[in-house]
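Since the structure comes first, as structure tokens, the remarks are kept for the end.
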Amino acid sequence: MPIQYYITLASILFCIGVTGALTRRNAIIIFMCIELMLNAVNLLLVAFSKMPFAVLPNSTAAAGTDAQLFVFFIMVVAAAEVSVGLAIIVMMYRNVHSIDVNFLNRLKN
């Protein structure tokens, strides 16, 4: 399968995530859109790691393993982000009884 298909799919997913994160007011949907953006980047990293490229003669590194390690670290950071974010959302709901992000601006004053 050509790499252009992966690039197109990842860019569509990333654009959906950006528009969702910028236009929605629900905190859970914003976190889901951020996860969608991270998964679009993961898709591109894995697609580029599977792409054949010329390895330098003196290089002993396996082709494409660096990008897959980045994907692993992105998944770990995303899991930590979800756990902390959902804890914040639960505490916000317990105190305010709403998960509307615009309501947080009213709490500053």
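Its first residue numbered -2, the sequence shown is counted upward by one per residue in this note's numbering. Beta carbons are placed, not taken as given, at the ideal position from N, Cα and C, and that holds for glycine. Being a predicted model, the structure only gives us computed values, none of them experimental.
Does the separation of the CB atoms of F111 and L33 fall below 9 Å?
Shown here, the chain extends from -2 to 106; a query on residue 111 therefore has no answer.
Does DSSP classify V15 as helix, strand or coil?
helix
Other residues of its chain near G82: CB distance less than 7 Å, five sequence neighbours each side excluded:
F28
Mind reading off the beta-carbon distance from A44 to C30? Whole number of angstroms is fine, and I expect it under 8 Å.
With 8 Å as the limit, A44 and C30 do not qualify as a contact, their Cβ atoms being about 21 Å apart.
L42 burial status per 10 Å Cβ neighbour count (16 or more: buried)
buried
Could you check if L84 is buried or exposed, using at least 16 other CB atoms within 10 Å of its CB as the buried criterion?
In the sequence as presented, Leu is not what sits at residue 84; that position holds Ala. Looking at its Cβ environment, which holds fewer than 16 other Cβ atoms inside 10 Å, A84 is exposed.
Taking the beta carbon of A24 as the centre, do at least 16 other beta carbons fall within 10 Å, making it buried, or is it exposed?
buried
In whole angstroms, give me the CA-to-CA distance for M88 and V79.
14 Å
Is the CB of V87 under 9 Å away from at least one CB in chain C?
You won't find chain C in this structure, because it holds only one protein chain.
Comparing alpha-carbon positions, which option in T20, A77, M72 lies nearest V38?
M72
Can you give the Cα-Cα distance for T62 and G14, rounded to whole angstroms?
27 Å
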